[in-house]
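Peer 1: Here our numbering is used: the first residue of the sequence shown is 242, the next is one more, and so on. Glycine included, every Cβ here is placed at the ideal spot set by N, Cα and C.
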Amino acid sequence: MSSRLHIIHVLRNLKYGGCQTLALTLIQNLADHIHTVVYLNNEEDYSQSMHREFIEITPCVFIPQSSKRLQGEIRSLHSRRESMPLVLNWFFPFMLLPGRLPDWPCIHHVGTSAFALSTKAIIKQQAIFILSRLIDTGEKHRIVCASRHVARSFRNRFAVLPPNFGAVIPNGTSPRTSARTEPAQNLFTFAMIGRLDGSKDFASFILFSKAMKSLLPNACRFLIIGDGSHFSSIASFNIRHGSPCDMVGLRTSRASLYQDVDCLVFFNTEEEGFGNVIIEAMHEGIPVITHSIGASNEIITDGFDGFTVKRWENALAPAQLLATDYDIWRKIGAMGQVTARTRYSADTFARSYLQVAQALLS
Numbered sequence: 242m243s244s245r246l247h248i249i250h251v252l253r254n255l256k257y258g259g260c261q262t263l264a265l266t267l268i269q270n271l272a273d274h275i276h277t278v279v280y281l282n283n284e285e286d287y288s289q290s291m292h293r294e295f296i297e298i299t300p301c302v303f304i305p306q307s308s309k310r311l312q313g314e315i316r317s318l319h320s321r322r323e324s325m326p327l328v329l330n331w332f333f334p335f336m337l338l339p340g341r342l343p344d345w346p347c348i349h350h351v352g353t354s355a356f357a358l359s360t361k362a363i364i365k366q367q368a369i370f371i372l373s374r375l376i377d378t379g380e381k382h383r384i385v386c387a388s389r390h391v392a393r394s395f396r397n398r399f400a401v402l403p404p405n406f407g408a409v410i411p412n413g414t415s416p417r418t419s420a421r422t423e424p425a426q427n428l429f430t431f432a433m434i435g436r437l438d439g440s441k442d443f444a445s446f447i448l449f450s451k452a453m454k455s456l457l458p459n460a461c462r463f464l465i466i467g468d469g470s471h472f473s474s475i476a477s478f479n480i481r482h483g484s485p486c487d488m489v490g491l492r493t494s495r496a497s498l499y500q501d502v503d504c505l506v507f508f509n510t511e512e513e514g515f516g517n518v519i520i521e522a523m524h525e526g527i528p529v530i531t532h533s534i535g536a537s538n539e540i541i542t543d544g545f546d547g548f549t550v551k552r553w554e555n556a557l558a559p560a561q562l563l564a565t566d567y568d569i570w571r572k573i574g575a576m577g578q579v580t581a582r583t584r585y586s587a588d589t590f591a592r593s594y595l596q597v598a599q600a601l602l603s
């Protein structure tokens with residue numbers, strides 16, 4: 242049997258998002274292996290999809306999630322290939338129902354904390370059932386958590402899990418542009434970036450922006466970059482507070498995402514499993530201010546390579562410092578870039594996943 246792997250990436254959809262970006266990173270950095278992308282929900286609006294990015298480098302197959310033939314159809318993708326099959330499930334714990342996957346080794350990426358799964362009793366019970374099933378078949382399944390926060394949240398929520406539940410492999414990415422040595426424009430630009438889906442505290446960013454405009458009038462601007470089901474409610478909240486933020490909407494390329502951002506403000510919640518935008522900004526040399534909860538505390542050392550705060554009010558002091566002292570801005574950005582390149586690189590991320598795959602297959 243060839244040592245070359247055929248990795249079948251199973252995604253809920255191809256919309257812009259963290260798991261889709263990570264899958265693309267693995268495909269690009271494990272180019273010696275064969276990859277196929279399976280997605281289970283088709284998107285009518287391809288303007289908000291990564292479909293083009295995927296099909297340029299690997300085959301993509303749409304298999305309806307409701308299909309009873311899902312197991313056989315995934316199996317048929319691998320037929321006649323001289324390689325070792327491996328399924329990489331990117332939206333654990335969903336779709337892992339009996340008979341839904343081939344009897345192949347499978348890595349389950351856990352990118353969301355358990356706090357996002359337990360709001361309804363039925364979801365909690367389903368998760369316990371699925372988690373128990375995975376533990377029972379552990380010789381063919383490996384669970385990989387994006388952060389210690391994710392692993393800890395599942396152990397705390399589900400007593401059935403063992404203390405060593407889930408290996409932790411932090412997400413990784415690569416720089417897309419050269420790090421700037423000066424702020425981008427005359428107006429120092431703060432931005433909060435992410436899917437507007439309730440897992441991030443955009444309301445606090447709006448209040449922060451309103452306060453900063455009073456502290457540094459005519460010196461800063463504030464952007465909300467992203468789209469999602471909560472866009473209208475967040476836009477309404479912004480209007481009620483005097484529209485301190487510009488609602489930019491979705492930006493579909495990494496270069497355009499950060500080209501005019503001088504500081505990323507990322508007010509995460511406990512539901513957030515990692516926060517890819519944090520390490521993306523750090524790779525670009527852009528300072529980050531984030532809540533001191535979840536994975537943010539694992540990524541950033543407060544005052545050294547970024548800032549972590551308990552509440553949005555606590556972000557005002559470091560924000561003013563960054564916007565008015567460019568030596569501090571450069572220093573924090575440079576140290577953040579060192580952290581990102583040494584601990585959260587795409588190469589380290591890909592090699593770590595490959596090691597888990599090889600250990601599972603052996």
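Spell out the partners DSSP gives residue 410 in its beta bridges.
Peer 2: Answer is none; residue 410 lacks a bridge partner.
Peer 1: Go ahead and label residue 590 buried or exposed: buried means 16 or more other beta carbons lie within 10 angstroms of its beta carbon, across all protein chains shown.
Peer 2: With 16 or more Cβ atoms within 10 Å of its Cβ, residue 590 is classed as buried.
Peer 1: Under a three-way DSSP split, which group does residue 337 fall into?
Peer 2: Note that residue 337 has pLDDT 49, beneath the 50 cutoff, so the model's placement of it is unreliable and the number below is only indicative. Here residue 337 sits in coil by DSSP.
Peer 1: Given 8 Å as the limit, is there contact between the segment 529-543 and the segment 384-395, that is, 3 or more CB pairs closer than that?
Peer 2: Yes, the segment 529-543 is in contact with the segment 384-395.
Peer 1: What does a CB cutoff of less than 7 Å around residue 578 pick up in its chain, not counting 5 residues either side in sequence?
Peer 2: Closer than 7 Å at Cβ, skipping near neighbours: 420, 523, 524, 526.
Peer 1: Quick check for students: name the residue ranges of the alpha helix (DSSP H) that lie wholly in the segment 264-308, counting only runs of 4 or more.
Peer 2: Those alpha helix (DSSP H) runs which fall completely within the segment 264-308 and span 4+ residues are 292-296.
Peer 1: Please report the straight-line C-alpha distance between residue 428 and residue 588, rounded to a whole angstrom.
Peer 2: So the alpha carbons of these two residues sit roughly 35 Å apart.
Peer 1: By Cβ distance, which residues of its chain are closer than 7 Å to residue 338, with the 5 residues on each side in sequence left out?
Peer 2: Any answer about residue 338 is weak, because its pLDDT of 49 lies below 50 and its placement is not dependable; what the coordinates show is given next. Cβ within range, chain order: n/a, list empty.
Peer 1: Provide the residue(s) that pair with residue 319 in DSSP beta bridges, ordered along the chain.
Peer 2: Answer is none; residue 319 lacks a bridge partner.
Peer 1: With residue 530 as the anchor, note down where its beta strand (DSSP E) starts and where it stops.
Peer 2: 529-532 is the extent of the beta strand (DSSP E) around residue 530.
Peer 1: Provide the residue(s) that pair with residue 325 in DSSP beta bridges, ordered along the chain.
Peer 2: DSSP, once it has assigned bridges, lists 246 as partnering residue 325.
Peer 1: Which residue wins for smallest C-alpha separation from residue 200, given the options 445, 413, 461, 437?
Peer 2: Beyond the ends of the chain as shown, which are 242 and 603, falls residue 200; an answer cannot be given.
Peer 1: Please specify which runs of the alpha helix (DSSP H), each continuous and at least 4 residues long, are wholly inside the segment 454-497, giving them in chain order.
Peer 2: Fully enclosed alpha helix (DSSP H) runs of 4 or longer: 472-481.
Peer 1: Which one or two residues does DSSP pair with residue 543 in a beta bridge?
Peer 2: For residue 543, which the question treats as bridged, DSSP gives the partners 547.
Peer 1: Cutting at 7 Å between CB atoms, please list the residues of its own chain near residue 242, excluding the five before and the five after it.
Peer 2: Unreliable positioning characterises residue 242 in this predicted model, as indicated by a pLDDT of 45, which lies under 50. A coordinate reading is not provided.
Peer 1: Suppose you measure from the CA of residue 248 to the CA of residue 571; what does that come to, to the nearest Å?
Peer 2: Roughly 40 Å between the two C-alpha positions.
Peer 1: Below 7 Å between beta carbons: does that hold for residue 403 and residue 381?
Peer 2: No, these two residues do not count as a Cβ contact at 7 Å.
Peer 1: Can you give me the start and stop residues for the beta strand (DSSP E) that residue 432 sits inside?
Peer 2: Start and end: 429-434.
Peer 1: Give the secondary structure of residue 505 by DSSP, where H, G and I count as helix, E and B as strand, and everything else as coil.
Peer 2: Here residue 505 sits in strand by DSSP.
Peer 1: For residue 401, does the three-state DSSP call read helix, strand or coil?
Peer 2: In the structure shown, residue 401 sits in coil (DSSP, three-state: anything other than H, G, I, E or B).
Peer 1: What number of angstroms, rounded off, separates the C-alpha of residue 263 from the C-alpha of residue 354?
Peer 2: Going from the Cα of residue 263 to the Cα of residue 354 covers about 17 Å.
Peer 1: Go ahead and label residue 436 buried or exposed: buried means 16 or more other beta carbons lie within 10 angstroms of its beta carbon, across all protein chains shown.
Peer 2: The residue in question, residue 436, is buried, as its Cβ has 16 or more Cβ neighbours within 10 Å.
Peer 1: Beta-carbon separation of residue 508 and residue 442 under 7 Å?
Peer 2: Yes.
Peer 1: Taking buried to mean at least 16 other C-beta atoms within 10 Å of its own C-beta, is residue 300 buried or exposed?
Peer 2: With fewer than 16 Cβ atoms within 10 Å of its Cβ, residue 300 is classed as exposed.
Peer 1: With 16 as the cutoff for other CB atoms within 10 Å, does residue 234 come out buried or exposed?
Peer 2: Limits of the chain in this structure are 242 at one end and 603 at the other, which puts residue 234 out of reach.
Peer 1: Taking DSSP's pairing of strands, which residues face residue 251 in a bridge?
Peer 2: Answer is 279, 330, bridged to residue 251.
Peer 1: Taking all protein chains shown into account, do 16 or more other C-beta atoms lie within 10 angstroms of the C-beta of residue 566, making it buried, or fewer, making it exposed?
Peer 2: With fewer than 16 Cβ atoms within 10 Å of its Cβ, residue 566 is classed as exposed.
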